[in-house]
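Student: Sequential numbering from 0 applies to the sequence shown in numbering that gives the first Met the number 0.
Input: one structure, supplied below.
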Amino acid sequence: MALLYMADPIRGDVWRRMLAERAPELDVRLWPEVGDPGEIRWLVAWEPPEEPLAAFPALEIIFSIGAGVDQFDLKSIPPRVPVVRMIEPGIAEGMIEYAVMAVLALHRDLPAYVNQQHRRLWQPIPARPATERRVGVMGMGRLGRAVLERLAPFGFPLAGWNRSPRELPGVESFAGAASLPAFLARTDILVCLLPLTEDTRGLLDRRLFAGLPKSAALVNVGRGGHLVADDLLAALDDGTLSAAVLDVAEPEPLPPDHPFWNHPRIVLTPHIASQTRPESAALAVLDNLRRHAAGEALNGIVDRARGY
Ligand code: GLV
0 MALLYMADPI RGDVWRRMLA ERAPELDVRL WPEVGDPGEI RWLVAWEPPE
50 EPLAAFPALE IIFSIGAGVD QFDLKSIPPR VPVVRMIEPG IAEGMIEYAV
100 MAVLALHRDL PAYVNQQHRR LWQPIPARPA TERRVGVMGM GRLGRAVLER
150 LAPFGFPLAG WNRSPRELPG VESFAGAASL PAFLARTDIL VCLLPLTEDT
200 RGLLDRRLFA GLPKSAALVN VGRGGHLVAD DLLAALDDGT LSAAVLDVAE
250 PEPLPPDHPF WNHPRIVLTP HIASQTRPES AALAVLDNLR RHAAGEALNG
300 IVDRARGY
């Protein structure tokens, strides 16, 4: 009866220490020290293991270390083994910081000012009040809602777009494909916080950008696969979009010759917007193990049909 951790080894030590403190009875193994694979009941992983899951015949649950589970091929995981995405406060806090930073940077024209600085240009750009800068968040899950709540005090008119209807006080809500044009038409800064699924891959494309008001800006903190890179470059070049802040790319890491690297209106960070915090994530896994033992529903269970 063992739990196998299969990800970054340095953070793995924190996981092991946390789990040993809180659940000393748990047999925790850190990859590659698997021991007898027949004893592994729980797998905690960022990416799926290379060997077929059949190597772990007693496997009961797969815990994703990330909030997203698109890195797992859900179809290849036997339906009897639930996949659980990570829900823990560290991820949300990091995402709030990054998204608020990116929205404020775009709102206050920081990419343009950094550009001007490089050219030794002392030149104010007319400012726009927050009450006239409409921010729209795609994806009103836990992270999207948390970001919207923390953007509210700045005074931006806020909207959210979601697959199914979601209500949030002070936020204009749009749901489903039919309402996407109306959502885009009122959005000056678009934040993508969607899960990556067959439906959302490539959603940030030329057509979508054309639906935004002219010179809108983009923040992608979803996945690189949401964005059509060439369409973004074209939209920045022809003025459809003014700037983009990207924390994710496809592939990661982005190859050194990719045009995003030194594009003057793209700010690029290496998928660091939010990172799972091992201390709180280990507690989230323990809570789910307790729920499982008690026959209760797991927190964060992935719906295979939806893909998140
Ligand atoms: C990070 O991208 C995550 O899915 O948690």
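Here a beta-carbon is modelled for each residue, glycine too, at the ideal position from N, C-alpha and C.
Please indicate yes or no: does the CB of M100 lie closer than 7 angstroms to some heavy atom of the ligand GLV?
Tutor: Translated into positions along the sequence shown, residue 100 becomes position 101. No, since every heavy atom of the ligand GLV falls outside the 7 angstroms radius drawn around the Cβ of M100.
Student: Return the chain-ordered ranges of every beta strand (DSSP E) run that is complete within the segment 32 to 72 and spans a minimum of 3 residues.
Tutor: Entirely contained in the segment 32 to 72, the beta strand (DSSP E) runs reaching 3 residues are, in chain order, 39 to 44, 60 to 63.
Student: Name the one or two DSSP bridge partners that G135 has.
Tutor: Mapped onto the sequence shown, residue 135 falls at position 136. Beta-bridge pairing links G135 to A158, L189.
Student: Here's a check: name, in chain order, each residue in its chain whose Cβ is nearer than 7 angstroms to the Cβ of R132, leaving out the five neighbours to either side.
Tutor: Reading the sequence shown from its first residue, position 133 is the one you call residue 132. Same-chain partners within the cutoff: H106, F155, D187, I188.
Student: Let me make sure I understand the geometry here. Which of V220, E166, S178, R289 has the alpha-carbon closest to that of M94?
Tutor: As a working note, residue 94 is residue 95 in the sequence shown. Residue V220 is the option with its Cα nearest to M94.
Student: According to DSSP, simplified to helix, strand and coil, what is M308?
Tutor: The requested residue 308 is not part of the displayed model; the chain covers only 0 to 307.
Student: Grouping DSSP H, G and I as helix and E and B as strand, with all else coil, what is M94?
Tutor: Numbered from 1 along the sequence shown, position 95 holds the residue referred to as residue 94. It is helical.
Student: By the DSSP assignment, the alpha helix (DSSP H) with Y307 in it spans what residues?
Tutor: Working through the sequence shown from its first residue, we reach residue 307 at position 308. No alpha helix (DSSP H) contains Y307, which DSSP labels as neither H nor E.
Student: Is L2 near D26, with beta carbons less than 8 angstroms apart?
Tutor: On the sequence shown, position 3 is the one that residue 2 refers to. On the sequence shown, position 27 is the one that residue 26 refers to. Result yes, Cβ atoms of L2 and D26 sit closer than 8 angstroms.
Student: Need the endpoints of the beta strand (DSSP E) that R28 sits in, please.
Tutor: For this step, residue 28 is matched to residue 29 along the sequence shown. Per DSSP, R28 belongs to the beta strand (DSSP E) from 26 to 29.
Student: Buried or exposed: where does T130 fall if 16 or more other Cβ atoms within 10 Å of its Cβ makes it buried?
Tutor: The residue given as residue 130 occupies position 131 in the sequence shown. When all chains shown are included, T130 counts as exposed.
Student: Whose beta carbon lies closer than 5 angstroms to any heavy atom of the ligand GLV, going through the chain in order?
Tutor: This criterion selects G65, A66, G67.
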